[in-house]
Structure formats: C-alpha cells, structure tokens
Amino acid sequence: MPQYIELNTADQKKLKAMYVPADKPEAFLVWIPGFAEHKDRYTHFGGWMAEQKVSFVALDLRGHGDSDGKRGFVKKFEDYFLDVDALLHWTRDVAGDLPFFLGSHSMGGLVAARYLERGQLSRPVHAAVMTSPFLGLGVPVPGWKKLLAKTISGIIPAAAVPAGLDPALLSHDENIVDAYKNDPLVFTKATARWFMEVVKHQADVISDASKIKLPIFVGQGGADQIVDVQSTRDFQAALGS
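Structure, rendered in structure tokens:
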C-alpha cells in the first residue's frame, strides 16, 4: 500500500510524495512526474515496481499535486532542484546502500537532466531513466507568442493561460486519457514565467549533456506530439556516458 510523506525544501516549501516500499528491496527508484500531473498517477507503476523488489517514491514538484505553490508556476527553474534535493535527502536513510535510480517523465525529464548536468546531487545516483523527456517543444511556438510570454513574465510572472495540452495525445489507451481529464489534481494552465524558464533550460540541456556520465535509459515514442522527438535523440547522442 502507498504511504504518503511530507518533505521540506531549503526554501521552506512543503512537498508531498508517495512511497511504495518493496518487501526486501533490491533497488530504489525515485520518480519525477511531468507538468500538470502528480505522484498518484504512478500508483499502479509504483505497485508493479515493488513487486519487482524495487522500492518506489514519486514526488509532487512545487506547484503540482498536493505540494505547495501556485499551479504551473515557478520563480526560476532551479527551484525544482531544491525539490529533488529534498526527496533525495529523504531517501538516504530509507534506501541506504541499495542501487539507486532517478526516474522521470516529460517535464520531470527536463528537471532530472538539468539536475544531473549541474552535478550537485544530494546523494549518489547509480543510473537514470527518462521517458519522453520535455527537452523541446513538440509544436513550435510562434515568435510573437514567445515575445508576449517574455513581456508578461517580467510584469505579471504568475499570469496563467491555457497550456494547450490535448489529453488525447497522452496515450492510445482511452481509459488513461479519461482518467487524466477527470483527475481533480491535474491542471490545464501554465504561467508565463514557467514557460520562459522551461524554454531557457531547454536551450542548454543538449549542449550540457556531455556533463552527465552515469548510465541513462531514455525512452521516447517516435510519434510523440507533445515533446520534440529530435531533441530527445540529440540529447541521447550528446550524453557523456
């Protein structure tokens, strides 16, 4: 059964995470979900991992799920690193010396990539897993929209607009799509500051990929319309591992 834990970041944000301990675990996997989603969307996956003797914990980043913060907003992208730090610090006693893996999906993949590229980890990580990492925009954004977002970000950074994500693009499984649409913790808006911070870090994630030396599995659907598939390929090719 999932257990729910509360974490405190260095800048005093309260975060929530879901922990699914395995019986006699042989490894430990932490998971960073994507934009607008949350830890409980990984309950089934966490249970399956526990059956494979892998303890699992999924984090609600600030502004997501049950964690503190305005939905879809971050002052600066590096604030997400404080969230990951808090989670990894919590695992020190729980995971001990078990093989330790950092997993992520979509925007969580961008967070994980930039966190690993920075190199200042709050605990050793043996390998990483990324699925459909949000390293580039699947649909190009017109220049005027970027300029508008930049202007608004400087004046009203928390101003929110529809994110424009079509849930039908998430999966071929209609049950998963319906669950996403009806999930009260899923939100549909993004803020101007969040967008500008994401774009800024997407611009550097590939050029900095050589800094990552640990093994990484990157899973990417070739027909993905939400993230830029070529950016994922370029990132994988540029990795230093």
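The sequence shown runs 57 to 297 under my numbering.
Ideal Cβ positions, reconstructed from N, Cα and C, are used throughout, including at glycine.
Leaving out five residues on either side along the sequence, give the residues of the same chain with a beta carbon under 8 Å from the beta carbon of K70.
E62, L63, N64, S123, D124
By the DSSP assignment, the alpha helix (DSSP H) with F137 in it spans what residues?
135-151
Proximity to Q258 [Cα-Cα], best of F133, P58, A106
F133
In whole angstroms, what is the alpha-carbon distance linking A219 and T244?
6 Å
Assess, as a yes-or-no matter, whether the region 144-157 is touched by the region 200-213 under the definition of 3 or more beta carbon pairs within less than 8 Å.
no
Rounding to the nearest angstrom, what Cα-Cα distance links A279 and V195 in this structure?
12 Å
On the criterion of 16 or more Cβ atoms from any shown chain inside 10 Å, does D116 qualify as buried, or is it exposed?
buried
Going by the CB atoms, is the gap between P89 and H161 shorter than 8 Å?
yes
Would you mind working out which of V274, Q292, F291 sits nearest G159, comparing C-alpha positions?
V274
What do you reckon, are the CB atoms on K13 and G121 nearer than 8 Å?
Because the chain spans 57 through 297 in this model, residue 13 falls outside it and cannot be assessed.
What is the DSSP secondary structure of I208, counted as helix, strand or coil?
For I208, the secondary structure class from DSSP, reduced to helix, strand or coil, is helix.
Roughly how far, in whole angstroms, is the beta-carbon of F129 from the beta-carbon of G119, given that I think they are within contact range, below 8 Å?
5 Å
In terms of alpha-carbon separation, which member of K95, F91, L166, D139 lies closest to F291?
L166
Which two residues bound the contiguous beta strand (DSSP E) that contains L270?
That residue, L270, is in no beta strand (DSSP E); it is neither H nor E in DSSP.
Cβ contact (3+ pairs, closer than 8 Å) linking the region 237-257 and the region 87-107
yes
If I follow the unbroken beta strand (DSSP E) through H228, where does it start and stop?
No beta strand (DSSP E) holds H228; DSSP gives it neither H nor E.
Per-residue burial, V197 [other beta carbons within 10 Å of its own, 16 or more giving buried]:
Label assigned to V197: exposed.
Best match in L172, I282, H100, A248 for proximity to D260 [C-alpha to C-alpha]
L172
Whole angstroms is fine: what's the gap from H193's alpha carbon to G277's?
A quick correction: the sequence has Leu, not His, at residue 193. Approximately 14 Å between the Cα atoms of the pair.
Residues in its own chain within less than 7 Å of S287 by CB, not counting five upstream and five downstream?
The answer, listed in chain order, is L191, G192, I262.
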